[in-house]
Every structure is written in structure tokens, then in C-alpha cells.
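Visitor: What follows is a single structure, and I will ask about it in a moment.
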Amino acid sequence: MKYYNGKTILITGASAGLGKAFAIELAEVAEKLILVARRMPQLEEVAALCRAVNNKIVIELATADLNQESDRKQLIDRYARKSTILINNAGFDHFGDIFKYDFAIYEKMIELNVLALTQLTHAFGLEMIKRKSGGILNISSVGMISISPKSVIYHATKSYVSHFTEGAHHALKPHGVNCTAFCPGATATDFYKVSGTSVAVNKLMPAKQAAQLGLAALARNDKLVFPGLLNNLMYLGSRLVPRSWIPFFFKLVFSQYLVDKREWDRA
Ligand SMILES: NC(=O)c1ccc[n+]([C@@H]2O[C@H](COP(=O)([O-])OP(=O)(O)OC[C@H]3O[C@@H](n4cnc5c(N)ncnc54)[C@H](OP(=O)(O)O)[C@@H]3O)[C@@H](O)[C@H]2O)c1
Numbered sequence: 023m024k025y026y027n028g029k030t031i032l033i034t035g036a037s038a039g040l041g042k043a044f045a046i047e048l049a050e051v052a053e054k055l056i057l058v059a060r061r062m063p064q065l066e067e068v069a070a071l072c073r074a075v076n077n078k079i080v081i082e083l084a085t086a087d088l089n090q091e092s093d094r095k096q097l098i099d100r101y102a103r104k105s106t107i108l109i110n111n112a113g114f115d116h117f118g119d120i121f122k123y124d125f126a127i128y129e130k131m132i133e134l135n136v137l138a139l140t141q142l143t144h145a146f147g148l149e150m151i152k153r154k155s156g157g158i159l160n161i162s163s164v165g166m167i168s169i170s171p172k173s174v175i176y177h178a179t180k181s182y183v184s185h186f187t188e189g190a191h192h193a194l195k196p197h198g199v200n201c202t203a204f205c206p207g208a209t210a211t212d213f214y215k216v217s218g219t220s221v222a223v224n225k226l227m228p229a230k231q232a233a234q235l236g237l238a239a240l241a242r243n244d245k246l247v248f249p250g251l252l253n254n255l256m257y258l259g260s261r262l263v264p265r266s267w268i269p270f271f272f273k274l275v276f277s278q279y280l281v282d283k284r285e286w287d288r289a
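Here my numbering = 1-based position in the sequence shown + 22.
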């Protein structure tokens with residue numbers, strides 16, 4: 023955690039889940055946290071938890087809807103120059119057959135998971151290059167390796183996030199800027215509630231553990247990191263088996279988390 027000492031860190035999607043866990047972990051060492059999400063009451067709760075860890079921490083709360091171009095631009099104008107670390111964490115999935123649902127959902131998903139993350143990486147990265155220091159942690163997913171009929175667009179967005187971030191890693195490294203794609207597997211957050219599935223929370227990785235592993239990966243300047251043995255095995259396995267087997271394996275692994283396995287076929 024020494025890497026984060028005295029840093030000004032902006033976290034998107036900081037009102038819940040992994041973003042909240044990143045904030046609480048960083049509260050111990052950072053100088054300032056800028057917490058971004060749409061819901062102010064939840065951001066205030068996270069700020070209180072951070073202050074309970076370290077009452078000297080400076081916290082700024084910023085409500086922004088990253089699906090709005092004007093909000094993204096405002097965030098960039100206000101914070102790109104000031105932030106030494108950016109954690110691009112906000113994202114969501116909508117579980118189910120894409121051909122049963124309105125495209126508007128997927129338009130928002132692509133805008134948030136892909137466009138907003140790319141735009142912030144570009145704008146904050148430019149400022150970091152000028153300063154010859156900084157770090158960007160982009161939250162991808164183990165779903166980046168997956169091909170599944172039930173999360174078609176989400177998995178495609180996360181493949182993009184990993185691919186883009188690996189490229190950005192190589193572009194930023196000569197300038198002294200770290201850049202890491204972090205690919206969690208099933209983690210205990212509101213993610214599944216938002217995506218419309220019910221999962222057995224006791225089978226998921228705790229958000230605190232995932233956040234610690236993600237922060238350590240950026241501090242080491244790893245390119246692409248999967249937390250835990252299962253996610254690493256899945257990544258390795260996906261490179262060894264024929265691609266046509268991947269949807270079958272994904273269904274097998276993901277179904278074990280579902281409270282009601284019939285949900286897979288219904289969605
Ligand atoms: N949990 C998992 O199993 C898992 C696995 C792999 C990858 N991930 C990735 O981890 C990241 C964090 O997800 P999570 O698991 O922590 O889910 P979560 O608990 O649902 O949190 C998502 C966060 O994103 C924010 N957000 C959503 N839409 C937004 C928007 N339009 N503008 C600004 N903020 C927005 C939410 O805040 P507001 O609603 O207040 O805006 C919330 O703080 C995502 O990129 C997700 O794809 C999660």
C-alpha cells in the first residue's frame with residue numbers, strides 16, 4: 023500500500039461494492055479520495071466509513087452519471103489535473119438473452135463500460151504523462167474470456183476493457199505511468215442484483231479481498247490480473263480448450279453461484 027501514500031485518488035462507482043471497498047482500503051494511506059457515483063446518500067455513507075478508518079483523510083464527493091457526456095466532461099475538467107490515481111470501476115451487466123430486451127439497456131452498458139472508461143483513461147492519462155507519474159486501474163472481469171449467450175454484450179465490453187488497458191499499459195509505461203486491467207470473478211457486491219440474478223453470496227469472493235488484490239496489482243504495474251486460483255485457472259483453461267467449449271464451461275461455473283439454477287434457462 024506504500025504506492026498509494028499521499029496520493030489523490032478518484033474512484034468511479036464508489037457508492038457500492040468494489041468501489042466502496044477500494045475507498046475503505048485506500049482511506050488508510052491516501053491523502054485525498056474523490057468518490058464518484060450517481061447516488062449521494064450512498065457516497066456519504068462510504069465517506070463516513072473512510073473517515074472511521076482515518077479521520078485525516080480529505081474526501082470530495084462528486085455525483086455524476088457517467089452515461090451523460092456533460093457529466094464525464096465535467097469530471098475531466100475538475101479532476102484530471104488533480105488526480106494522481108484513477109480507478110475506473112463503475113460498470114454493470116444485464117443478465118439474459120439480449121434479443122429479449124430493449125437495445126437501450128445495452129447502449130447504456132457500452133457507454134458506461136467502454137466509452138466512459140476509455141474517455142477517462144485518455145483524459146487522466148494525458149495529465150499523468152505530463153507529470154511523468156500516476157496510475158490507472160481499469161476494472162475488467164474474468165468474463166473477458168467468456169463467450170456466453172446470457173451476457174453477450176457485457177462480456178464483449180470487458181474483453182474490450184482488458185484489450186484496451188493492456189495497450190494503454192504499454193503506451194503509458196515509458197512515461198512512468200502505471201496501468202492495469204483487473205479481472206475479478208464472482209464477487210460479493212450489488213452487481214448481481216443490478217444484473218437481475220440471485221446468487222449465493224457465501225460462494226463469492228469478498229469485495230475487500232478483491233479490492234486488496236486489485237490495488238496490489240496496480241502498485242506492481244501488472245498488465246492483466248485475475249484474483250484467486252479459480253479465476254487464474256479459468257483464464258489458463260480458456261487459452262487451452264477449443265473456443266467452442268467456452269460457453270459450456272461458463273454455464274457450468276456460473277450456474278453454481280445461482281440460487282435457482284433454472285434461472286439460466288429462464289433469463
Ligand atoms: N461483482 C462481481 O462479481 C464483478 C465481477 C467482475 C467484474 N466486476 C466489475 O466490477 C466493477 C464494480 O462493480 P460492483 O461489483 O462493485 O457492482 P455494484 O455493487 O453494482 O457497483 C457498481 C457501482 O457503479 C456505479 N454506477 C453504475 N452506473 C453508473 C453511472 N451511470 N454513472 C456513475 N456510476 C455508476 C454504482 O453507483 P450508483 O448506482 O450510485 O451510480 C456503483 O457504485 C464493474 O465494472 C463490474 O463490471 C464485478
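We put the beta carbon where it would ideally sit given N, CA and C, even for glycine. Every value quoted in this text rests on a predicted model; they were computed, and no experiment measured them.
(1) Starting from the N-terminal side, write out each stretch of the beta strand (DSSP E) that is 3 residues or longer and does not extend beyond the segment 44-115.
(2) Quick one: is Gly35 buried, meaning 16 or more other Cβ sit within 10 Å of its Cβ, or exposed?
(3) Starting from Cys205, follow its DSSP beta bridges and name the residues at the other end.
(4) Judging by CA-CA distance, which residue of Ile175, Asp244, Ala138 and Glu149 is the nearest neighbour of Ile107?
(5) Keeping to the same chain, check which residues put their C-beta closer than 6 Å to that of Val174; ignore five residues upstream and five downstream.
(6) Among all the DSSP beta bridges, which residues are the ones paired with Thr34?
(7) Across the segment 199-209 and the segment 155-166, are there enough close Cβ pairs to call them in contact, namely three or more that are closer than 8 Å?
(8) For the alpha helix (DSSP H) containing Ile127, list its first residue and its last residue.
(9) Relative to the alpha-carbon of Lys104, which residue among Arg265, Ile169 and Gly147 has its alpha-carbon at the smallest distance?
(10) CB of Ile161 to nearest heavy atom of ligand 1: below 7 Å?
(11) If I follow the unbroken alpha helix (DSSP H) through Gly165, where does it start and stop?
(12) At 3 residues or longer, what runs of the beta strand (DSSP E) sit wholly inside the segment 194-278?
Guide: Taking the structure as given:
(1) Restricting attention to beta strand (DSSP E) runs no shorter than 3 residues, the segment 44-115 encloses them at 54-59, 80-85 and 107-110, ordered along the chain.
(2) Classified as buried, Gly35 has 16 or more neighbouring CB atoms from the shown chains inside 10 Å of its CB.
(3) According to DSSP, Cys205 shares a beta bridge with no other residue.
(4) It is Glu149.
(5) Answer for Val174: Ile120, listed in chain order.
(6) The secondary-structure analysis by DSSP pairs Thr34 across a beta bridge with Val58.
(7) Remark: three or more beta-carbon pairs, one from each stretch, lie closer than 8 Å, so the segment 199-209 and the segment 155-166 are flagged as touching.
(8) Taken as a continuous stretch (DSSP letters only), the alpha helix (DSSP H) holding Ile127 covers Phe125 to Ile132.
(9) Closest option to Lys104, Cα to Cα, is Gly147.
(10) Correct: Ile161 has its Cβ closer than 7 Å to ligand 1.
(11) Under the DSSP assignment, Gly165 falls outside any alpha helix (DSSP H); it carries neither an H nor an E label.
(12) Runs of beta strand (DSSP E) with 3 or more residues, each lying fully within the segment 194-278, are found at 199-204, listed in chain order.
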